[in-house]
Every structure is written in C-alpha cells, then in structure tokens.
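Chains A and B, in that order, are what the protein sequence lines are.
In case it helps, the working numbering puts the first sequence at residues 269 to 557.
In case it helps, the working numbering puts the second sequence at residues 11 to 292.
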Amino acid sequence: MATTHRRKPTKAEIRRQKMEAAVLYPIDWLEERSGLIGGLRYFLFRNVPSDVNWMQTLGSAALTAFLVQAITGVILAMYYVPSATTDPHTGQPVAWESIVNISDHLTLGWLVRGMHRWGASVFIILMFLHMGRVFLFGAYKYPRELNWVIGVLILVMGMMEGFTGYLLPWDQTAYWATVVGINLNGTAPFLGPWLAQFLRGGQEISGYTLTRFYSLHMLVIPGAIIALITLHLYLVIRLGVTSPPWSKDAAGGEPEEEEEPSQLRPGLTRPVPRPSGASAMQTEPGGRE
Amino acid sequence: MAAIPKEKPSRVDQARAEFARYKADVKSRGKPFYPYAMFHDTIMSLVVVFTIIGLAVIWKWTSTGPVPHDPTHKGLLGPVVDPPADPGTTSFVPRPDWYFYFLFYLLRIFKWPESVFLGTVGVPTIALILLIMLPFLDRRRVRKPSQRPVAMVAAVLTIISMGVLTWKGATAQEALASEVKANIPRWKAQEHLPPAAYPGVQLFATAGCTACHTYDGAGGQNLGAPDLTNIGSKNLGVQFQINHLKCPSCVNPGSPMPSFASLGDERLKQLALFLEASKGTH
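The structure is reproduced here in structure tokens:
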C-alpha cells in the first residue's frame with residue numbers, strides 16, 4: 269500500500285508544490301520576523317458575540333468615511349494651492365482659483381472635491397450615530413471607559429477638521445464664517461485671546477491664517493486622528509464588542525440562577541431545576557474557558 | 011464552595027467577573043469576525059461610500075443650471091463655488107457648516123455681551139467635559155436601556171436640544187443686502203431719522219451689519235448679535251460708535267464682532283451718526 273503512495277509525483281504536482289512554497293515563503297518570512305500575519309489572523313478569526321447587531325457596523329462605517337476623506341484629501345492636496353495672494357492675471361485669490369480649477373477643469377475633480385466636501389458631513393453624522401449606539405448599549409462601561417474617552421476625542425478632532433477645512437476654498441462664506449468663528453474662540457477666558465491670535469497668525473485674518481489652517485487640516489489633526497483611531501481599534505480588538513444588552517443570550521450576561529445544592533427540597537419553595545440545553549451551555553463544567 | 015452565604019461582592023469584583031464571563035462566552039459560543047461580522051461591515055461601508063458619491067453627484071448636477079455660471083441657481087446642496095473671499099467687502103452672511111449650527115445658535119440664548127462667553131465657550135466646554143466623563147459618572151453595571159431611565163432621559167433631552175438648536179440655526183432668518191435695503195424707507199419713517207443719518211442708514215443696510223444684527227425686525231439672526239433698533243437710546247456717543255466699529259474688542263472686551271475699519275473714517279462717522287439717531291420705533 270505504501271508503495272503505491274510512494275509513486276513519483278507528476279510534473280504538475282511538483283510545479284504546484286513549488287508554486288505554493290513560493291507564495292508562502294514571503295508570508296512565512298514576514299511572520300517569522302514581525303508576527304504581523306499572526307496578528308492579522310487573530311484580527312480576522314477572533315470571535316465576536318454571536319448576537320452582534322447591524323447597529324454595530326456604525327464604527328467601521330465611520331472608519332470608512334474617514335478613509336474616503338484621507339484618500340480624497342490626498343488627491344485634493346495635489347492640486348490645491350493654499351495661497352491668499354492675488355493672481356495678477358485674473359485679480360482673484362490663488363487658493364479660490366485652484367478650487368475653481370479642481371471643480372471645473374480637472375478630470376473628475378468635481379467628484380473628488382464633492383466627496384471630500386460631503387464625506388465630512390457623513391463622517392460627523394456616523395461618529396454621532398456610533399456614539400449613540402455605544403451609549404444605548406451601555407458599552408462605555410467597565411472595562412471600556414478609556415475607549416469612550418478616545419472616541420470623544422476623535423469626534424472633537426473631526427469637528428476641528430470641519431472648522432479648519434471650511435476656510436480653505438477662501439470664498440466669502442468661508443472667510444467670514446472663520447472671522448466670526450475665530451472671534452468666538454477669542455471670548456474664552458485666559459486662553460481665548462491667545463488661541464485666536466494663534467489661529468489667525470496675527471492680528472487680522474490673512475494668508476498666514478490660510479497656510480496655518482491648511483497645515484492643521486492636513487497634517488496635525490489627521491495625524492492625531494490616525495493615532496487615536498489606531499488606539500481605538502486596538503482597544504476594540506483587545507476588549508471585544510458587547511452584545512446588545514437586550515439579547516437573550518448576551519455574552520457575559522448573568523448566569524442562570526445558580527441552582528446551588530439547596531438545603532430546601534426542590535419543588536416546595538423553589539422551582540424544580542429543568543434540564544435545558546440553553547442554560548446547560550453556560551454552566552457546562554466541561555466548557556472551554 | 012462555602013455553605014455560609016458570602017458577602018455581596020464589590021462592584022469592581024462584579025464587573026471583573028462579568029467581563030471574565032463575557033470573554034469565556036465569546037470564546038465558547040461566539041462566531042468569527044471573518045466572515046460574519048465583516049460581511050455586515052463591508053455592506054455598510056459600501057452604503058457609506060455610495061452615499062458620499064451620491065451627494066457629490068447631486069451637488070454637482072443640481073448646481074449646474076440651464077444658464078452656465080448663473081449665481082442665483084444654487085442647486086439642492088448649495089453652489090459648488092462661492093464668490094472669492096474679499097476682506098474689503100463686508101456684505102457677507104457668516105454661516106458655518108451645518109454641524110456647527112447648534113453652537114452658533116447657542117449664542118442667541120445668552121445675552122450680549124455680559125454672558126456671551128457662556129454661549130461661546132462655557133456651555134460647550136461643560137457639555138464636552140460631561141461627555142468625556144460619562145463612563146466615570148455612570149458606573150452602574152446595568153446595560154439594558156429599560157434599567158437606565160436617568161441615562162435614557164438625559165440622552166433624549168440632549169438629542170432633542172441639539173436637534174432643535176441645529177434646526178433653529180438652519181432656518182434662522184438670513185439677511186441679504188438686497189432685501190434689507192427695501193426696509194430703508196420704513197426705518198426712516200418709524201425711527202424718525204434725521205437727514206444727517208440718511209447716508210448712515212444706506213451704509214448700514216449694505217455694509218453687512220445686518221448679517222449678524224437685527225434692526226426693527228429685519229436682519230440676520232444666525233449669530234444672535236444685539237438688536238440695534240434702540241441702540242441710540244443708550245447715548246454712547248458718536249466717538250464711541252466709531253471706536254467700536256474700528257476695533258470692537260478694544261472697546262468691548264471679548265466681543266466677537268469683526269473690525270469694520272476698512273470702511274474708512276468718513277463712512278464710519280456716517281454709520282455712527284445713524285446708530286446714535288436710532289432711538290427705537292415710536
């Protein structure tokens with residue numbers, strides 16, 4: 269019997285084995301040196317509660333909206349010019365002209381800009397909905413307090429992105445909304461005047477304000493958001509997602525009333541313990557830990 | 011284990027035990043993230059991406075009117091390109107993106123200028139601190155909404171008030187210079203303005219003052235800046251008005267009003283004369 273199996277592998281089989289080895293080699297190489305493949309495998313195949321709900325896709329939906337912002341933002345940054353100086357040929361501000369150029373002349377520029385413009389609103393809405401879901405589920409409670417705090421910080425950063433990005437087209441609405449917005453910041457006690465001065469880059473709103481907002485909008489705040497999202501996801505994977513609190517067999521729910529070997533005889537003052545499949549699962553002594 | 015009934019475990023111990031139970035439950039009867047949960051996430055993400063693309067398409071297509079570059083044609087989601095920023099032109103309507111409407115409208119609730127900082131910074135900061143502190147304020151273990159009446163009522167009230175503030179901000183009356191100008195004859199009559207105030211009233215209607223201020227029922231309400239119908243009865247003086255227009259926060263610390271120094275001394279004086287003559291409708 270062994271001899272029949274020991275026949276020489278066909279050429280096709282040898283080629284196949286070589287192919288597999290060639291494909292697996294870089295994966296093994298990477299895993300041996302970084303453990304990243306194992307991490308990815310853990311991420312994909314880790315268990316989540318069996319009763320997770322459609323509402324629990326809102327977090328990843330917000331992440332998707334952020335990725336749309338990141339990608340369209342990178343493309344816009346290739347064509348946008350953050351300059352408030354006046355174009356000598358047309359007499360218009362350069363930044364505003366570059367926005368007109370993106371919207372009217374660039375291939376699909378209107379789509380990229382439109383996605384960035386409206387993706388911002390979608391991102392904010394999804395963050396609020398995600399926060400509402402976490403609140404409804406009571407999912408901010410032990411041991412997930414820290415992740416709630418990080419989430420609120422991401423929301424604040426997202427709104428700061430909205431504020432700084434609004435000025436960049438350098439149009440009338442944006443300009444005057446920012447004038448007033450910065451002045452409103454300036455009313456804060458102690459820090460206010462300093463903050464307003466910092467945001468304006470001087471006494472008056474000017475080209476320095478525009479470059480400052482541009483830098484904040486595409487370097488500082490996105491960097492902070494990416495770091496916070498990484499931390500947020502790390503904690504989600506480490507701590508797991510919660511079951512809906514109303515779920516009949518929520519993970520971590522109260523175990524069925526422990527039927528302790530009672531001093532009282534069953535059937536008199538306590539109900540007879542019924543052998544039930546569902547409850548047996550939770551108290552099964554042989555169950556894996 | 012013990013025949014003697016144990017003391018009720020502390021809240022921390024209960025929480026730890028619950029989390030250990032959760033971990034064990036997920037391990038023993040959960041389902042793998044891929045493909046189950048990931049399938050839902052992917053569908054939802056596709057919905058998000060297509061919604062964003064759809065909004066971009068609606069923005070572009072509906073804002074392109076039959077006549078190219080027609081400024082009056084705004085489309086369903088507003089114009090794609092607004093006129094360029096012009097620091098010299100003060101006829102503007104300061105309007106933030108919609109998710110700041112609730113903050114902008116909050117200003118109207120507080121009286122200018124004494125308690126304005128409550129609206130600009132005070133209330134939002136307190137709300138933000140409460141939001142961040144939520145997990146440390148609500149430390150009970152129960153998660154069912156039916157067992158958390160206080161939290162649920164607080165959430166509903168928050169959502170309603172933010173919704174109302176956003177809605178009010180979205181529908182607040184805006185002042186377009188062309189519409190405000192139509193009020194000038196009425197103002198002259200009702201306020202009994204002297205002829206010396208006539209150049210000023212013209213400027214007032216066109217220089218952007220009414221973007222934030224109301225005057226005898228006209229003007230913008232977005233920012234809740236003070237009503238100026240009666241400003242003259244305070245008898246602040248023409249020179250005060252000029253100084254204030256040049257640098258509002260110098261005269262009135264903490265004022266968020268922008269400077270109107272670019273109008274020039276002569277026109278500032280005209281405006282000041284008009285403001286001082288505004289003694290209210292009789």
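Positions of the beta carbon are idealized from the N, C-alpha and C atoms, including for glycine.
This structure is a prediction, so every number in the text was calculated from the model and none was measured.
Neighbour-count burial assignment, residue i, 16 or more Cβ in a 10 Å radius
i: A/Ala280; result: exposed
i: B/Ala228; result: buried
i: A/Tyr482; result: buried
i: B/Leu213; result: buried
i: B/Gln24; result: exposed
i: A/Met287; result: exposed
i: A/His398; result: buried
i: A/Arg480; result: buried
i: A/Trp462; result: exposed
i: B/Lys84; result: exposed
i: B/Ala27; result: exposed
i: B/Met54; result: buried
i: A/Asp372; result: exposed
i: A/Gln285; result: exposed
i: A/Tyr476; result: exposed
i: A/Phe458; result: exposed
i: B/Gly173; result: exposed
i: A/Arg275; result: exposed
i: B/Arg21; result: exposed
i: A/Gly470; result: exposed
i: A/Gly491; result: exposed
i: A/Ile418; result: buried
Residue i and residue j closer than 8 Å at C-beta
i: B/Gly290; j: B/Asn240; result: yes
i: A/Pro334; j: A/Ile493; result: Residue 334 of chain A is actually Phe in this sequence, not Pro. Result yes, Cβ atoms of A/Phe334 and A/Ile493 sit closer than 8 Å.
i: B/Phe146; j: A/Pro411; result: no
i: A/Leu312; j: B/Tyr46; result: no
i: A/Ala352; j: A/Trp438; result: yes
i: B/Tyr32; j: A/Ala407; result: no
i: B/Val131; j: B/Leu117; result: no
i: A/Met264; j: A/Gly341; result: The first residue shown for chain A is 269 and the last is 557, placing residue 264 of chain A beyond what the model contains.
i: A/Ile450; j: A/Leu423; result: no
i: A/Ile226; j: A/Thr446; result: It is not possible to answer for residue 226 of chain A, since the shown part of chain A is limited to 269 through 557.
i: A/Tyr434; j: B/Pro106; result: yes
i: B/Ile194; j: B/Val211; result: yes
i: A/Ser511; j: A/Pro317; result: yes
i: B/Pro42; j: A/Asn315; result: yes
i: B/Trp69; j: B/Val90; result: yes
i: A/Met425; j: A/Ile489; result: yes
i: B/Ser272; j: B/Pro97; result: yes
i: B/Asp148; j: B/Ala161; result: yes
i: B/Ile142; j: A/Val420; result: yes
i: A/Pro513; j: A/Phe405; result: yes
i: A/Leu374; j: A/Tyr347; result: yes
i: A/Val448; j: A/Gln324; result: no
Integer-rounded CB distance, given that residue j should sit under 8 Å from residue i
i: B/Leu175; j: B/Tyr115; result: 5 Å
i: B/Pro266; j: A/Gly454; result: 7 Å
i: B/Phe120; j: B/Leu128; result: 5 Å
i: A/Pro350; j: A/Leu478; result: 5 Å
i: B/Thr74; j: B/Leu86; result: Incorrect: roughly 12 Å between the Cβ atoms, too far for contact.
i: A/Ala329; j: B/Val67; result: 20 Å between Cβ atoms; not a contact.
i: B/Phe294; j: B/Val261; result: Here chain B covers residues 11 to 292 and nothing more, so residue 294 of chain B does not appear.
i: B/Ala207; j: B/Cys222; result: Actually they do not touch by this definition, with Cβ atoms about 20 Å apart.
i: B/Gly230; j: B/Thr216; result: Between B/Thr216 and B/Gly230 the Cβ distance is about 14 Å, and since that is not below 8 Å, they are no contact.
i: B/Ala282; j: B/Leu238; result: B/Ala282 to B/Leu238, Cβ: 12 Å. No contact.
i: B/Tyr225; j: B/Ala180; result: Actually they are not in contact, since the Cβ atoms of B/Tyr225 and B/Ala180 sit about 23 Å apart, beyond 8 Å.
Near the ligand NAD: residue i beta-carbon under 7 Å from a heavy atom
i: B/Glu17; result: Inclusion of the ligand NAD in the displayed structure is not the case, the ligand content being empty and no account of it being possible.
* Asked: For the 8 Å Cβ check, are there 3 or more pairs between the stretch 423 to 431 of chain A and the stretch 359 to 371 of chain A?
  -> No: fewer than three Cβ pairs fall under 8 Å.
* Report yes or no: do the stretch 238 to 249 of chain B and the stretch 284 to 291 of chain B share at least 3 C-beta pairs separated by less than 8 Å? => Contact between the stretch 238 to 249 of chain B and the stretch 284 to 291 of chain B is established, with three or more Cβ pairs separated by less than 8 Å.
* Determine contact between the stretch 377 to 392 of chain A and the stretch 152 to 164 of chain B, defined as no fewer than three beta-carbon pairs at a distance below 8 Å. => Contact fails: fewer than three Cβ-Cβ distances are below 8 Å.
* Asked: Any chance the stretch 44 to 62 of chain B sits against the stretch 377 to 391 of chain A, with 3 or more Cβ pairs inside 8 Å?
  -> Result yes; three or more Cβ-Cβ pairs closer than 8 Å.
* Can you give, in chain order, each stretch of the alpha helix (DSSP H) that sits fully within the stretch 91 to 159 of chain B and has at least 4 residues? -> Here the runs fully enclosed are 111 to 119, 133 to 147.
* Ranges of the alpha helix (DSSP H) found wholly within the stretch 410 to 447 of chain A, counting only runs of at least 4 -> Within the stretch 410 to 447 of chain A, the alpha helix (DSSP H) runs of at least 4 residues that lie entirely inside it are, in chain order, 413 to 435.
* Asked: Is there contact here, the stretch 288 to 305 of chain A with the stretch 495 to 509 of chain A, by at least three beta-carbon pairs under 8 Å?
  -> No, they do not touch.
* To do: Report the residue ranges of all alpha helix (DSSP H) runs contained in full by the stretch 456 to 504 of chain A; include only those spanning at least 4 residues, in chain order.
  => Runs found: 459 to 468, 475 to 483.
* Asked: Which full runs of the beta strand (DSSP E) of 3+ residues lie inside the stretch 271 to 357 of chain A, going along the chain?
  -> Taken in chain order, the whole beta strand (DSSP E) runs of length 3 or more contained in the stretch 271 to 357 of chain A number zero.
* To do: Jot down the residue ranges of each uninterrupted alpha helix (DSSP H) in the stretch 188 to 263 of chain B, minimum 4 residues, whole runs only, in chain order.
  => The stretch 188 to 263 of chain B is shown to contain whole alpha helix (DSSP H) runs of 4 or more residues at 194 to 200, 208 to 216, 248 to 256, 258 to 261, in chain order.
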